[in-house]
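Protein chains in written order, with full-length UniProt numbering: chain A, 1 to 207; chain B, 1 to 207.
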């Protein structure tokens, strides 16, 4: 088989939506063929954590030197520590034909969009969003206060999802996992992708 | 739940590729939620065929009158008989929020593209296309004659798939079925679709 460049898959969404849980379900599934891009951090290695498995642990100086060398797709500082996605692993793994999976914050996803506009951006949304109607119009059990709060939240989330290609509602972890896998599978079947692969094949044969 | 307009799904591909078999596998699956659009024809009803199940059987005069009234999404004449997809069923079913599935010839798919450019066009391709490399470069067992023929065929098929959104290689019926279902599922999660549905919901609530 001709190996073609892998996809870059970005899973993001509001904090607390369950990105990490869905990511774990994806990588616990032996059918998953994506590669997980391990983040780099300057925070202390916790007991049980393995360098190069959970994170790449770096000193602040090492991390800042890598920032200067433009070695991150995205990075951010939280509570005095850096967290980032090293670009080399992502590029090399994609070149080998593997799909690379990032599970990152909304802010980081924006940075990735600038460097890899062709990546697959999946927004994980809270189930509340679909329960809106039931909750609001439903049985009139919610106070106006609650309703107003829900509408504000929903609008904020709608604005966040603007840069994404797909929206997965996280109603159930296994279902969300399957949906992400399905989006990736469908992306591999996009005509432009299949076509360019086949054209390359024909060119090789003709030469 | 707010019902939103269903998708129009068009499965097509070169004749002999197995469109009908894949379509049957899709509708034998109790999980399939699409509605199958039954074709209309002027050919004789065969034993065991049920009007309104296998086809809508019409006289030539009835069919031609419907053509004049622009009542087909697509139609064609084969061996002296008309075959076509009635537009009313498709529109009404989509309005109710159901996905409608058409399994039609490449020529018909072109006509559908003109009337429903937003439909989901899936090209079912023969597995030979992916076996190209093995066959051609592989073990040198094929004669130049066979190789040249394969390349011509592959080019013809590449040109055919030009108008489609997705390409499914029909290596195995159950796999092809699952892939089509996955493409449809992913299409329902496209951000524009989810977003517009949610925006409508919010508007309703605000009014």
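For glycine and all other residues, C-beta sits at the position ideal for the given N, C-alpha and C.
For residue j and residue i, the rounded distance between their alpha carbons
{"i": "residue 108 of chain A", "j": "residue 72 of chain B", "result": "49 Å"}
{"i": "residue 15 of chain A", "j": "residue 105 of chain A", "result": "7 Å"}
{"i": "residue 95 of chain B", "j": "residue 88 of chain B", "result": "10 Å"}
{"i": "residue 171 of chain B", "j": "residue 157 of chain B", "result": "16 Å"}
{"i": "residue 190 of chain B", "j": "residue 51 of chain B", "result": "37 Å"}
{"i": "residue 42 of chain A", "j": "residue 116 of chain B", "result": "53 Å"}
{"i": "residue 1 of chain B", "j": "residue 204 of chain B", "result": "Reliability of the predicted coordinates at residue 1 of chain B is poor, the pLDDT of 38 falling under 50, and the value obtained from them is presented with this limitation in mind. Straight-line Cα distance between these residues: approximately 13 Å."}
{"i": "residue 152 of chain A", "j": "residue 118 of chain A", "result": "31 Å"}
{"i": "residue 3 of chain A", "j": "residue 33 of chain A", "result": "Here residue 3 of chain A scores only 49 on pLDDT, less than 50, and its place in the model should not be relied on; the value that follows carries that caveat. Taking the straight line joining both Cα atoms gives about 14 Å."}
{"i": "residue 36 of chain B", "j": "residue 91 of chain B", "result": "13 Å"}
{"i": "residue 39 of chain B", "j": "residue 169 of chain B", "result": "25 Å"}
{"i": "residue 6 of chain B", "j": "residue 173 of chain B", "result": "25 Å"}
{"i": "residue 98 of chain B", "j": "residue 184 of chain B", "result": "12 Å"}
{"i": "residue 145 of chain B", "j": "residue 19 of chain B", "result": "29 Å"}
{"i": "residue 112 of chain B", "j": "residue 77 of chain B", "result": "16 Å"}
{"i": "residue 165 of chain B", "j": "residue 10 of chain B", "result": "10 Å"}
{"i": "residue 162 of chain B", "j": "residue 45 of chain A", "result": "52 Å"}
{"i": "residue 195 of chain B", "j": "residue 186 of chain A", "result": "20 Å"}
{"i": "residue 61 of chain B", "j": "residue 126 of chain A", "result": "55 Å"}
{"i": "residue 198 of chain B", "j": "residue 149 of chain A", "result": "16 Å"}
{"i": "residue 193 of chain A", "j": "residue 82 of chain A", "result": "36 Å"}
{"i": "residue 58 of chain A", "j": "residue 21 of chain A", "result": "25 Å"}
{"i": "residue 80 of chain A", "j": "residue 25 of chain A", "result": "29 Å"}
{"i": "residue 47 of chain B", "j": "residue 143 of chain B", "result": "46 Å"}
Where the beta strand (DSSP E) containing residue i begins and where it ends
{"i": "residue 33 of chain B", "result": "That residue, residue 33 of chain B, is in no beta strand (DSSP E); it is neither H nor E in DSSP."}
{"i": "residue 183 of chain B", "result": "Segment 173-188 is the alpha helix (DSSP H) holding residue 183 of chain B; no beta strand (DSSP E) there."}
{"i": "residue 73 of chain B", "result": "72-78"}
{"i": "residue 89 of chain B", "result": "That residue, residue 89 of chain B, is in no beta strand (DSSP E); its alpha helix (DSSP H) goes 87-95."}
{"i": "residue 125 of chain B", "result": "120-125"}
{"i": "residue 167 of chain B", "result": "166-169"}
{"i": "residue 11 of chain A", "result": "8-12"}
Residue from the options with nearest C-alpha to residue i
{"i": "residue 154 of chain B", "options": "A:200, A:67 and A:84", "result": "A:200"}
{"i": "residue 54 of chain B", "options": "B:84, B:152, B:69 and B:92", "result": "B:84"}
{"i": "residue 120 of chain A", "options": "A:182, A:82 and A:158", "result": "A:182"}
{"i": "residue 30 of chain B", "options": "B:178, B:198 and B:11", "result": "B:178"}
{"i": "residue 160 of chain A", "options": "A:187, A:122, A:143 and A:176", "result": "A:122"}
{"i": "residue 13 of chain B", "options": "B:102, B:175 and B:194", "result": "B:102"}
{"i": "residue 68 of chain A", "options": "A:80, A:86 and A:57", "result": "A:86"}
{"i": "residue 147 of chain B", "options": "B:10, B:35 and B:128", "result": "B:128"}
{"i": "residue 8 of chain B", "options": "B:188, B:63 and B:56", "result": "B:188"}
{"i": "residue 176 of chain B", "options": "B:6, B:27 and B:5", "result": "B:27"}
{"i": "residue 100 of chain A", "options": "A:23, A:193 and A:76", "result": "A:23"}
{"i": "residue 110 of chain A", "options": "A:143, A:82, A:74 and A:70", "result": "A:74"}
{"i": "residue 167 of chain A", "options": "A:124, A:193, A:114 and A:192", "result": "A:124"}
Residue-level contact to chain A via CB, residue i, 9 Å cutoff
{"i": "residue 172 of chain B", "result": "no"}
{"i": "residue 3 of chain B", "result": "Note that residue 3 of chain B scores a pLDDT of 48, beneath 50, so its modelled location is shaky; the value from the coordinates is reported in the next line. Answer no: the Cβ-Cβ gap between residue 3 of chain B and chain A never drops below 9 Å."}
{"i": "residue 109 of chain B", "result": "no"}
{"i": "residue 9 of chain B", "result": "no"}
{"i": "residue 146 of chain B", "result": "no"}
{"i": "residue 56 of chain B", "result": "no"}
{"i": "residue 119 of chain B", "result": "no"}
{"i": "residue 76 of chain B", "result": "no"}
{"i": "residue 72 of chain B", "result": "no"}
{"i": "residue 26 of chain B", "result": "no"}
Residue span of the alpha helix (DSSP H) that contains residue i, given as start and end
{"i": "residue 63 of chain A", "result": "60-68"}
{"i": "residue 160 of chain B", "result": "144-160"}
{"i": "residue 105 of chain A", "result": "From DSSP, residue 105 of chain A is part of no alpha helix (DSSP H); its letter is neither H nor E."}
Short CB-CB distance (under 9 Å) between residue i and chain B
{"i": "residue 190 of chain A", "result": "yes"}
{"i": "residue 23 of chain A", "result": "no"}
{"i": "residue 66 of chain A", "result": "no"}
{"i": "residue 43 of chain A", "result": "no"}
{"i": "residue 102 of chain A", "result": "no"}
{"i": "residue 17 of chain A", "result": "no"}
{"i": "residue 34 of chain A", "result": "no"}
{"i": "residue 187 of chain A", "result": "yes"}
{"i": "residue 179 of chain A", "result": "yes"}
{"i": "residue 123 of chain A", "result": "yes"}
>> To be precise: take each residue of the region 153-177 of chain B, compare its Cβ to all Cβ atoms of chain A, and keep it if any distance is under 7 Å. Which residues remain?
In response: Within the region 153-177 of chain B, 154, 155, 158, 161, 164, 165, 166, 167 and 168 place their CB atoms closer than 7 Å to a CB of chain A, listed in sequence order.
> Got a sec: which bits of the region 192-205 of chain B sit with their beta carbon under 8 Å from any beta carbon on chain A, in order along the chain?
Replying inline: 194, 195, 198, 199, 201, 202, 204 and 205
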